[in-house]
Amino acid sequence: MNPHSIDTEQQPFVLIWEVTQACELECKHCRADAQPDRHPDELTTEEGIALLEDAADFGEGQLVVLSGGDPLAREDLVELVEYGTELGLRMTLTPSGTASLTPAVIDDLADAGLKRLAVSLDGATATAHDEFRGEEGSFESTMAAARHARDAGIPLQLNTTVCEETVEELPALADLAEELETVLWSVFFLVPIGRGRILEPIDPARADRVMEWLLEQANERTFGVKTTEAPQYRRVAIQQHSGGSVDTVDSDDRDGIGRRVGIRAGDGFAFVSHLGQVYPSGFLPEPAGSVREERIVDIYRDAPLFERLRDEDQFKGKCGACEFKHVCGGSRSRAYAYTGDPLESDPLCPYVPEGYDGPLPLETFAIPEEPV
1421 MNPHSIDTEQ QPFVLIWEVT QACELECKHC RADAQPDRHP DELTTEEGIA LLEDAADFGE
1481 GQLVVLSGGD PLAREDLVEL VEYGTELGLR MTLTPSGTAS LTPAVIDDLA DAGLKRLAVS
1541 LDGATATAHD EFRGEEGSFE STMAAARHAR DAGIPLQLNT TVCEETVEEL PALADLAEEL
1601 ETVLWSVFFL VPIGRGRILE PIDPARADRV MEWLLEQANE RTFGVKTTEA PQYRRVAIQQ
1661 HSGGSVDTVD SDDRDGIGRR VGIRAGDGFA FVSHLGQVYP SGFLPEPAGS VREERIVDIY
1721 RDAPLFERLR DEDQFKGKCG ACEFKHVCGG SRSRAYAYTG DPLESDPLCP YVPEGYDGPL
1781 PLETFAIPEE PV
């Protein structure tokens, strides 16, 4: 399944289930504000199985990402991966870089049918990464797990957070991704929620320059590159590959990164929390329903919040006026984090549509002290 072979009004390209918030790490950017212990009201094994059965109704090959916290805090993790695989789901995992991700566990996950393991590296050295993750030894644990997963035949994805603290690490991390034989580098542009409110994002102009550099990496490296919460990557790609005009893009595909449509919060993307609440994204914590009360398929397709987020004509400010809104649309999560309205403009994007004379997003990143 690829992003331009599905109808994102009917099916998410990515369905994330946060199986737990429990985690040993105290990462500076943590969306989940993870805690040491599991929550007593987490979805049970039986409820998780029901969720996976419902997810299978989206269609063959639905991609499911098990995230956390640290998913390995759940004893039933391998069972869930195996059951989802039997249902025809493409089961993937984003574990924490701790000692819990042992070679034996990785082998069990491979036997259960895990399709991809996504590990996080936010620094190319132990010093830089462990400082960001709040745990000495995290870098070495992550590297050892990545190498064992590769040797076990599990495709490897590398996740990296971009902010002022990490941006200078990107070139060395690209080299590390090559060394680890990763299939995809997923680069997350900071959204200030959870613990991430203490971090400083890069400014909009620099964000565009980083994306131009990422496009170079995508062309030169053996691995693919995608951005998370930075759909302007598609706008930057179009400007580089199509003379700057969205009108010259082949409607069949050709945004320069192999996707006809953008994947945004609520449009190609959905998130189920450890308590069963359904959000457009883990970075847009506005609930649209609960899988304990409704089927995930029905919430994704029919919840008013999801329907609004899929209607680019409802976008406000310069995002609403932008000629790139149907291939980009801005980060709805970042708009929500700064304004409380997911339909507002994304303040990370410096592009101003020609002839637009309305209000601009925040001139500076005045990060809210508390969630809006």
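Position in the sequence shown (first residue = 1) + 1420 = my numbering.
Idealized CB from N, CA, C, for every residue including glycine.
Predicted model only: the values in this text are computed from it and were never measured.
Return the chain-ordered ranges of every beta strand (DSSP E) run that is complete within the segment 1522–1592 and spans a minimum of 3 residues. Secondary structure in the segment 1522–1592: the beta strand (DSSP E) runs of 3 residues or longer, each lying completely within the stretch, are 1536–1540 and 1576–1582 in chain order.
Along the chain, where does the alpha helix (DSSP H) containing Lys1738 start, and where does it finish? Within the sequence shown, the letter at position 318 stands for residue 1738. Run containing Lys1738: Gly1737 to Ala1741, per the alpha helix (DSSP H) assignment.
Asp1542 classed as buried or exposed, judged by whether at least 16 other C-beta atoms fall within 10 angstroms: Counted from its first residue, the sequence shown places residue 1542 at position 122. Answer is buried; the Cβ neighbour count reaches 16.
Exposure label - Asp1461; buried when at least 16 CB within 10 Å: One-based indexing of the sequence shown puts residue 1461 at position 41. With fewer than 16 other Cβ atoms within 10 Å, it is exposed.
State the CB to CB distance for the pair Ile1716 and Leu1471, rounded to an integer number of angstroms; the pair is presumed to be in contact (CB under 8 Å). As a first step, residue 1716 must be located in the sequence shown, where it is residue number 296. As a first step, residue 1471 must be located in the sequence shown, where it is residue number 51. Correct: roughly 6 Å between the Cβ atoms.
So what does Gln1652 bridge to, in DSSP terms? Sequence index remark: in the sequence shown, residue 1652 carries index 232 (1-based). Note: Gln1652 sits in no beta bridge, so no partner.
Going by alpha carbons, who is nearest to Asp1474 out of Asp1457, Asp1490, Tyr1503 and Glu1495? Within the sequence shown, numbered from 1, the residue matching residue 1474 stands at position 54. Of the candidates Asp1457, Asp1490, Tyr1503 and Glu1495, the one whose C-alpha sits nearest the C-alpha of Asp1474 is Tyr1503.
Taking the alpha-carbon of Ala1594 as reference, which of Glu1764, Val1607 and Asp1733 has the nearest alpha-carbon? Walking along the sequence shown from the start, residue 1594 turns up at place 174. Comparing Cα-Cα distances from Ala1594 to each of Glu1764, Val1607 and Asp1733, the minimum goes to Val1607.
Contacting residues, own chain, Cβ-Cβ under 7 Å from Pro1773 (five flanking each side not counted): Position 353 of the sequence shown, counted from the first residue, corresponds to residue 1773. Lys1738, Ala1741, Cys1742 and Glu1743.
Chain-order list of residues whose beta-carbon lies under 8 Å from that of Thr1440 (same chain, five-residue window excluded): Here the question's residue 1440 lines up with position 20 in the sequence shown. For Thr1440, where only same-chain residues beyond five positions count, the Cβ hits under 8 Å are Arg1458, His1459, Glu1462, Gly1488, Gly1489, Asp1490, Pro1491, Ala1493, Arg1494 and His1694.
Spatial neighbours of Gln1482 within its chain, please: C-beta separation below 6 Å, excluding the five flanking residues on both sides. Counting from one through the sequence shown, the residue named residue 1482 turns up at place 62. Closer than 6 Å at Cβ, skipping near neighbours: Ala1475 and Leu1509.
Could you pull out every residue in the same chain whose Cβ sits closer than 8 Å to the Cβ of Val1434, ignoring the five residues on either side in sequence? Here residue 1434 refers to the residue found at position 14 of the sequence shown. Exclusion of the five residues before and after Val1434 leaves Leu1483, Val1485, Ile1683, Gly1688, Phe1689 and Ala1690 as the residues of its chain whose Cβ lies within less than 8 Å of its Cβ.
Could you check the C-alpha separation between His1735 and Pro1515 for me, to the nearest Å? To locate residue 1735, count along the sequence shown from 1; it is residue 315. To locate residue 1515, count along the sequence shown from 1; it is residue 95. In the sequence on display, residue 1735 carries Phe and not His. Rounded to whole angstroms, the gap between the alpha carbons of Phe1735 and Pro1515 is 34 Å.
Per DSSP, which residues does Gln1697 bridge with? Please list them. Working through the sequence shown from its first residue, we reach residue 1697 at position 277. Ser1710.
Since Thr1440 sits in a beta bridge, which residues does DSSP pair it with? Working through the sequence shown from its first residue, we reach residue 1440 at position 20. Bridge partners of Thr1440: none, in fact.
Where does the unbroken beta strand (DSSP E) through Leu1486 begin, and where does it stop? Taking the first residue of the sequence shown as 1, we reach residue 1486 at position 66. Element bounds for Leu1486: Leu1483 to Ser1487.
Relative to the alpha-carbon of Tyr1653, which residue among Thr1642, Arg1641 and Glu1636 has its alpha-carbon at the smallest distance? Taking the first residue of the sequence shown as position 1, residue 1653 is located at position 233. Relative to Tyr1653, the option among Thr1642, Arg1641 and Glu1636 whose CA is nearest is Glu1636.
Taking C-alpha atoms, which residue in Asp1528, Thr1518, Pro1779 and Arg1536 lies nearest to Leu1497? Taking the sequence shown and counting its residues from 1, one reaches residue 1497 at position 77. Residue Asp1528 is the option with its Cα nearest to Leu1497.
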